[in-house]
Each structure stands twice: as structure tokens, then as C-alpha cells.
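> Residue numbering for the sequence shown follows the numbering used here, starting at 90 and increasing by one per position.
All residues carry an ideal CB built from backbone N, CA and C; glycine is no exception.
Only a predicted model underlies this, so the values are computations on that prediction, with no experimental measurement involved.
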Amino acid sequence: MKILVTEKISEKGLKVLQESGAKVDIKMKPPREELLSIIEEYDAIVVRSYTKVDEELFSYAKNLKVVGRAGNGVDNIHMPSATQKGVIVVNTPDANSVSAAELTVGHMLAISRKIPQAHQAMKKHHWDNHGYIGTELYKKKLGIVGLGRIGALVATRMQAFEMEVSAYDPYIADSRFEKFGVEKKETLEELIKEVDFVTVHTPKTKETAGMIGKNELMKAKKGIKVINCARGGIIDEEDLTWAIQQGIVEAAGIDVLKDEPDTTSPLFDVENVTLTPHIGAGTVEAQDKVGVGVAHEVLGALRGEMVTNA
Ligand code: NAD
Ligand code: MLT
């Protein structure tokens, strides 16, 4: 069996692949033409979010049996082509949830206490202990869009800060809201008009792309703070920029952009936006779990075993 790894996975994960007896080729982010020309040699490919496993790549992948996504979102993999060609797609959706939830908490704290702005000033040797008046999280209202794995982890963590947590998620049973002690909102509008913070934790789908835009932000509580550690474009970047400039949104914490890698989004140039370059899963723990997890999933799928996508 031949396995191609095109993005960085942990040493532990690579070891699992290499010790299986499969031939493992590591080619970090190969140029597209090269990838198209070599993919037919491989039984499996292991990617993160950079490699576009799209219709075109599938059309060249004559021997491909498994795509391993070292991580959660499979939005860089063309699922209809995989289905049509009988290629199994495996991922590790649980492995980085805690890390993504913790980064979300980090963004909430950073934007409420203006930590990045204060840090930047200190790095310029400028001491101003009056200039960074923030707000507490205590007793504030947090609205979560998507009460899945990460949304629920964020809810329980922010309840420890004694925030009042509500969520909008039309696809889950009422019992899930009850289980996490989260107030259910029937519509996004109902949620956004009364919360002090809104954080999105949905996958990016046709329905969720741009689900928070000008229309929704115009209905939001004035001074709302916005966090996106899910997928770029769930909150429209141009509209969010506009809402910050209008004073509707006070601050935003953003880990993901619509067209990654990106250094040109309008969000780069607005005050009160804290940006990180898609590092939600960037912890030693998450990368070890993701790497080892995807390696076992890929090998299991190649052997025709049951895959769990855990
Ligand atoms: P999940 O599938 O466990 O949960 C998603 C939830 O969103 C589900 O409960 C679903 O019912 C809900 N949902 C779907 N469509 C909705 C809609 N239109 N309105 C409201 N709710 C809707 O997903 P997860 O594992 O919690 O991941 C959440 C997001 O975080 C994904 O986009 C994932 O790719 C992303 N993610 C980002 C990072 C990072 O590095 N920043 C790391 C891990 C995951
Ligand atoms: C994921 O979907 O797992 C995250 O966005 C992190 C990553 O792509 O590595």
C-alpha cells in the first residue's frame, strides 16, 4: 500500500503509518501540477485543510481508496466525488474539539479585556494602565450558534465564568439543550438581538455560509462581540467589517477566514478585531490525537476494517 501525506501531521501519527509496513511518502504541500501527476500511484492520501481534494484530483486518483483528513472539517474534500468513486473519507472530528473550544474562550477573553492591544503597546515599551478598559464576562449573555461538539464545550466552560448561555441549533433535540443547561432559541434573530457575545460553531454549508451578515448584525444588540473559530465566511467578513465601523459590533475574535491562507481580508484593517491564523487545533495534544487518530483510521480503512471517525 502507498500512502501520500501532503500536510504536517504529528511524529506519532507518522510513526503509526510507517510502522504499518505501508510505503509512506511525505511531500509537504506539493505544487498542484505535481500532486495531479503523482496521485494515481497512491492508495491513500492524508491531508489537513490546505490540500484541495476536489473533483479534479479525484479524476486523476485512479487507485485512491482512502482520504484521511487529519482534523475535523471535510470542506476541502469533494464528498460527492468520493462517494461516486467509492473512496472512503475518514477524519478525526473529536480530536481537536477541546483545543478549538479553548481558543474560542481565549478570543472571548482577549477581546473583552483588550489583551492584544495592551500587549502591542507594551511591546513598544509604552506603559498605560488606564487605556484598556474592558468588560467582564460575568453575568453577560453568550449566544452559541451550533451546539455540537465544540459549541457544547464552549457552553460548559463559559458557564464556569457565570455567563448566561443560550444557543440556536435547529438540528438537535431539546434534550441536548437541557443536558448542557443552555437556553434554546428558536431563531438566529431571537438569539442575536439579546446576547452580548455571539460565537459560531457550525460546519460551513450552503445554509451557514454568510448566515451572519448585515441583516442579522443590524438586529444585533448594540456593542455585541463576535467570535468565529469555526469556518471563515460563516460570518460575512465585509459585513462584519461594516458593522464594526458602524459601532454595532464592538469587537471580534476571528480564527478563520473565507479564503485561507489570507492576509488581505478587510478585517485586518479594523480596530478591535483580534485575528489568529486558523490555530484552533494548534496544540500538542490536539495534533497528537489528530495525527495518531487519522493514521489508525486510514490504515483501518485500507484493511477493510470498520472506521469510527473518532
Ligand atoms: P459538530 O458537527 O459537532 O456541531 C455542529 C453543530 O452545528 C451541530 O449541532 C449542528 O446541528 C449545528 N448546525 C448545523 N447547521 C446549523 C445551522 N444552520 N444553524 C445552527 N446550527 C447548525 O461540529 P464541531 O465539531 O463542533 O465543529 C464546529 C465547527 O468548528 C466546524 O466548522 C469545524 O470545522 C470547526 N473547527 C474549527 C477548528 C479550528 O481550528 N478553528 C478546529 C476544529 C473544528
Ligand atoms: C479542523 O477542521 O480540524 C480544524 O479547522 C483544524 C485543522 O484544519 O487542522
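DSSP state of GLU327, grouped into three classes?
Looking up residue 327 in the sequence shown gives position 238. Helix at GLU327.
> Between TYR257 and ligand 1, is the CB less than 7 Å from at least one heavy atom?
Taking the sequence shown and counting its residues from 1, the one referred to as residue 257 is at position 168. TYR257: yes, Cβ under 7 Å from ligand 1.
> From ILE301 to ASP325, what distance separates their C-alpha atoms?
Within the sequence shown, residue 301 is the residue found at index 212, counting from 1. Within the sequence shown, residue 325 is the residue found at index 236, counting from 1. Looking at the two C-alpha atoms, the distance is approximately 6 Å.
> Check whether the region 314 to 328 touches the region 245 to 264, counting contact only when three or more Cβ pairs, one atom from each stretch, lie closer than 8 Å.
Because the criterion of three Cβ pairs below 8 Å is not met, the region 314 to 328 and the region 245 to 264 do not touch.
> Which same chain residues end up closer than 7 Å to HIS290 when comparing Cβ atoms and leaving out the 5 residues on each side of it in sequence?
Counted from its first residue, the sequence shown places residue 290 at position 201. Around HIS290: ILE233, VAL234, GLY235, GLY237, ILE239, GLY240, VAL243 and ALA319.
> Just list the alpha helix (DSSP H) runs in the region 166 to 207, keeping only unbroken ones of 4 residues or longer that don't cross its boundaries, in chain order.
With a minimum length of 4 residues, the continuous alpha helix (DSSP H) runs that stay inside the region 166 to 207 are 168 to 174 and 186 to 202.
> Is HIS367 close to ligand 2? I mean its beta-carbon at under 7 Å from any heavy atom of the ligand.
Looking up residue 367 in the sequence shown gives position 278. Result yes, Cβ under 7 Å from ligand 2.
> Is the region 92 to 100 touching the region 126 to 140, taking contact as three or more C-beta pairs under 8 Å?
Output reads yes: the region 126 to 140 touches the region 92 to 100.
> Against chain C, with Cβ distances strictly below 8 Å, would LYS303 count as a contact?
No chain C is part of this structure, which consists of one protein chain only.
> Quick one: is ARG222 buried, meaning 16 or more other Cβ sit within 10 Å of its Cβ, or exposed?
Start at 1 with the first residue of the sequence shown, and residue 222 comes out as number 133. A quick correction: the sequence has Ile, not Arg, at residue 222. With fewer than 16 other Cβ atoms within 10 Å, it is exposed.
> Drop a sphere of 10 angstroms on the beta-carbon of ASP263, count the other beta-carbons inside from all chains shown, and report buried for 16 or more, exposed for fewer.
In the sequence shown, the residue the question calls residue 263 occupies position 174. The residue is exposed, with fewer than 16 neighbouring Cβ atoms inside 10 Å.
> Among VAL387, ASP377, ASN398 and ARG392, which one has its Cα closest to the Cα of SER188?
Locating residue 188 in the sequence shown gives position 99, where the first residue counts as 1. Checking every option, the nearest Cα to that of SER188 belongs to ASP377.
> Measuring from the CB of ALA370, is there a heavy atom of ligand 2 at a distance below 7 Å?
In the sequence shown, the residue the question calls residue 370 occupies position 281. ALA370 Cβ: within cutoff of ligand 2.
> Here's the rule I'm using: 16 or more other beta-carbon atoms within 10 Å means buried, otherwise exposed. How should ASP358 be labelled?
For this step, residue 358 is matched to residue 269 along the sequence shown. That one is exposed.
> Can you tell me where the beta strand (DSSP E) holding SER255 begins and where it ends?
For this step, residue 255 is matched to residue 166 along the sequence shown. Its beta strand (DSSP E) spans residues 253 to 257.
> With H, G and I counted as helix, E and B as strand and the rest as coil, what does DSSP make of GLY342?
As a working note, residue 342 is residue 253 in the sequence shown. In the structure shown, GLY342 sits in a strand (DSSP, three-state: E or B).
> Beta-carbon separation of GLY380 and LEU346 under 8 Å?
Looking up residue 380 in the sequence shown gives position 291. Looking up residue 346 in the sequence shown gives position 257. No; because the gap between Cβ atoms is not below 8 Å, this pair is not in contact.
> Do VAL194 and ILE177 have their CB atoms nearer than 8 Å?
Taking the sequence shown and counting its residues from 1, one reaches residue 194 at position 105. Taking the sequence shown and counting its residues from 1, one reaches residue 177 at position 88. Taking 8 Å as the Cβ cut-off, VAL194 and ILE177 do not qualify as a contacting pair.
> From this set, HIS385, GLN335 and ALA150, which residue's C-alpha is nearest GLY312's C-alpha?
To locate residue 312, count along the sequence shown from 1; it is residue 223. Closest by alpha carbon: GLN335.
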